[in-house]
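For the sequence shown, counting from 1, position 81 maps to 82 in the working numbering; every step adds exactly one.
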Amino acid sequence: MGGPSEREYREKLDKIKQKLDKKARDIKSQFEKLEKAKVDLLKKTKEMKHDAEREIAKMEEEIAKSKDLAPESKSRLRLEIDNLKSEVRRRYSELETRITETV
């Protein structure tokens, strides 16, 4: 008869449960960190977009007010600004999609 008693088996089961609980807490903690990082990345992405839009708007005003630029120059700059606005929107959309699709 010298096999483990019911008490010994219960102790082993308790140890397994404790390990399981610890690992589950660790994984939950990692998910919380991941979610926080995701929120931070989304915030930075929005800030990037707004900063670029603000700078572009300021430049548009300066160009419109400029008396030194020829109409052809203003027209070419407006086209470049429109292209840059599209680029900002495209990059923002790509980054936002990539962030939201991550885990």
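The beta carbon of each residue, even a glycine, is placed where N, CA and C say it ideally should be.
For the alpha helix (DSSP H) containing residue i, name the first residue and the last one.
i, result
"residue 96", "72-102"
Between the options, which lies nearest to residue i when the distance is taken from Cα to Cα?
i, options, result
"residue 102", "36, 74, 87", "36"
"residue 97", "30, 23, 45, 22", "45"
"residue 57", "71, 18, 79, 6", "79"
"residue 91", "70, 5, 49", "49"
"residue 51", "93, 6, 3", "93"
"residue 104", "34, 19, 55", "34"
"residue 86", "8, 3, 71, 55", "55"
May I ask you to report which of helix, strand or coil DSSP gives residue i?
i, result
"residue 41", "helix"
"residue 67", "coil"
"residue 30", "helix"
Below 8 Å between beta carbons: does that hold for residue i and residue j?
i, j, result
"residue 39", "residue 100", "yes"
"residue 89", "residue 53", "yes"
Going by beta carbon distance, what residues of the same chain come within less than 8 Å of residue i, once the five residues before and after it are set aside?
i, result
"residue 14", "none"
"residue 61", "79, 82"
"residue 12", "none"
I'd like the list of long-range same chain contacts for residue i, defined as Cβ closer than 7 Å, with 5 residues on each side in sequence excluded.
i, result
"residue 41", "none"
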